[in-house]
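One structure is given here, and the rest of the page talks about it.
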Amino acid sequence: SKIIVSSRRPLPTPWIDPRVEFVAVDFLSPVETITAKLQRICAPVTHAFFTSYVHDDDFRLLREKNVPLFRNFLDAVDVVCPALERVCLQTGGKYYGVHLGPVKVPLEETFPRYNDQGYNFYYNQEDYLKEVQSRRNVWSWNVIRPNAINGFAPHANGMSEALTIAIYMLICRELNQPATFPGNEYFWNSIDDNSYAPSLADLTVWASSQENCKDEAFNHVNGDVFVWKYMWQDVARYFGVEVPEPKFEKAAGQAKTLSNEIDMVEWAKDKREVWETVVRKYGGKVEAFDWGTWGFFNWATGKSWLTISSINKARKYGWHRNDNTFDTWIETYRSFENAGVLPSHTVLASTD
C-alpha cells in the first residue's frame, strides 16, 4: 500500500520507506489551497488519519487553531479522495476534561460530555466529523483517544514529557545534583498510565480496518498502570542520577488546582549552557533543549487528580496488545539516542 504523509514541513527522519510519499501541507491554509496540493496524490486514498495538533499552555486558546485545522483537513480529503472508506480522528484525554481538574476515572468512552463552556475543541472536531459523514454517507469514522502519549519524535512538539524529563535529569547529573521530583505529593504517590506511540499507531490501524469498529470511539493506553514514585526512580537510574528523599509541601491530597514543588519554566531559564556542556561531553543535539516543554511538564507533574483511562471497550472489540510502560520509556529514550538527539546511554554509563 502507498502511504501519504503530510505536515507543514518535511520530517527529518533517518528511515526510508518506498511506500511513503510526503507532501507539505499547512491545514490552516484555505481549503482550496489544500485541495490543490492533495488532488493528484490523494485520489487513491481509502483511509485518512488526522493526528495534527497545535498546542498552547493556555488551554482556552486551543480551540482557535485546532478547530479549523481539522475542518480544513476533512473538507479537503472528502473532496480529493473519491475512494475514501474511513476517516480516523485522534483526540485525547482532554475530551474528558482531564486538563481542568478531577474527573471520574477510569475514563470510559460512554461518559457524557462535561460543560466545556465552548472551550473543548475536541467536541467541535468530533461533531464536525459526524456531521460530514452523515451528510455524505459514503465513508465511516473512528475517534481514537490516547492518554499521555509517550514516544519518539525527530523534532520539537508541544507535549514532550519523556524528552523533557531526560533533559532535566541529564542536567542534574552534570551539575552533580539529585533529580528532585518537581510535582506534588499526591501525584508522586498516584497511579498513572501512558499511550506508547507505536502501540497507539497499531490500535489506530486496527480500529480503522475492522468492520465491527465502524463509527466507534476507542480509548488507548498501554494496558498497565504505574506509580510515579517508582517510575521516576527507575528513569533516574537509567540516566545515572540520584533521587533525593522527597520533602513535599504541596498537595498531599486531591485538589482542583495544579501545585508544583519546582516551577520547571523558571528552573530551565538558566540551564541551556549546562545542556550545551552535556552535549559537548557526551553527544546529543544542542537544540534539543529548546524542544523541552517545560510549561507542559509543570502541568504533567503538578496535577493532584487521577487521569487513568479504561481500554475495556477496545478489548471487547478484539484489541489485545499490552505494553510495559517502563519498557516503552526506555525504547523511547533509545530512539532519541539512535537519532542523535540525546547522548548515548552507553557513553553515559562509561563515565559513571
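In case it helps, the UniProt record's numbering puts the sequence shown at residues 1 to 352. All residues carry an ideal CB built from backbone N, CA and C; glycine is no exception.
Quick one, are the C-beta atoms of residue i and residue j less than 9 Å apart?
i	j	result
Val-278	Glu-216	no
Glu-182	Thr-257	Looking at the sequence shown, residue 182 is not Glu but Pro. Contact flag unset, no.
Ser-208	Tyr-282	no
Glu-185	Pro-246	yes
Asn-157	Gly-318	no
Leu-306	Ser-190	yes
Pro-30	Asn-72	yes
Phe-326	Asp-234	yes
Glu-109	Phe-218	yes
Leu-84	Phe-50	no
Ile-311	Val-225	no
Lys-269	Phe-289	no
Ala-162	Cys-172	no
With distance defined between alpha-carbon atoms, name the residue in the options nearest to residue i.
i	options	result
Leu-348	Arg-237, Leu-163, Asp-116, Pro-244	Arg-237
Ser-6	Trp-299, Ser-134, Asn-194, Ser-52	Ser-52
Val-87	Leu-129, Gly-97, Glu-108, Asn-124	Leu-129
Phe-17	Val-25, Ala-201, Ser-1	It is Asp, not Phe, that sits at residue 17 in the sequence shown. When only C-alpha atoms are compared, the closest one is Ser-1.
Gly-292	Trp-139, Met-264, Trp-305	Met-264
Ser-199	Val-241, Asn-324, Ile-34	Asn-324
Trp-141	Ala-48, Leu-203, Phe-121, Val-25	Ala-48
Asn-322	Trp-15, Tyr-95, Asp-58, Tyr-196	Tyr-196
Trp-228	Trp-206, Asp-192, Phe-239	Asp-192
Gln-90	Glu-331, Ser-350, Val-341, Asp-202	Asp-202
Asn-222	Gln-125, Val-241, Asn-194, Lys-285	Asn-194
Ala-314	Ser-350, Ala-255, Thr-204, Thr-328	Thr-204
Trp-294	Glu-266, Lys-303, Glu-331	Glu-266
Phe-239	Ser-309, Phe-296, Arg-334	Arg-334
Val-241	Trp-329, Phe-226, Leu-170	Leu-170
Phe-121	Asp-56, Arg-135, His-320	Asp-56
Phe-70	Asp-127, Asp-58, Arg-60	Asp-127
Lys-303	Ala-162, Val-103, Arg-60, Trp-15	Val-103
Thr-332	Lys-37, Ser-160, Leu-38	Ser-160
Lys-285	Gly-340, Lys-269, Ala-268, Ala-255	Gly-340
Arg-60	Asp-116, Gln-210, Ile-262, Ala-162	Asp-116
If I'm right that residue i touches residue j with Cβ under 8 Å, what's the distance once you round it to whole angstroms?
i	j	result
Tyr-114	Arg-63	So it is not a contact: roughly 15 Å between Cβ atoms.
Phe-152	Phe-27	About 23 Å separates the two Cβ atoms, so there is no contact after all.
His-155	Pro-12	6 Å
Asn-298	Asn-260	5 Å
Ala-24	Arg-40	Not a contact, Cβ separation roughly 14 Å.
Thr-346	Asn-150	At roughly 22 Å, the Cβ-Cβ gap does not stay under 8 Å, so Thr-346 and Asn-150 are not in contact.
Mark residue i as exposed unless 16 or more other C-beta atoms lie within 10 angstroms of its C-beta, in which case mark it buried.
i	result
Glu-276	exposed
residue 362	Nothing about residue 362 can be reported from this structure: the residues present for the chain run from 1 to 352 only.
Ile-3	exposed
Lys-316	exposed
Gln-177	exposed
Pro-146	buried
His-220	buried
Glu-273	exposed
Trp-188	buried
Ala-148	buried
Leu-342	buried
Trp-139	buried
*On the three-pair Cβ rule with 8 Å, is the segment 158-168 touching the segment 78-86?*
no
_Tell me whether the segment 99-114 and the segment 40-48 touch, counting them as touching only if at least three CB pairs, one residue from each stretch, are closer than 8 Å._
no
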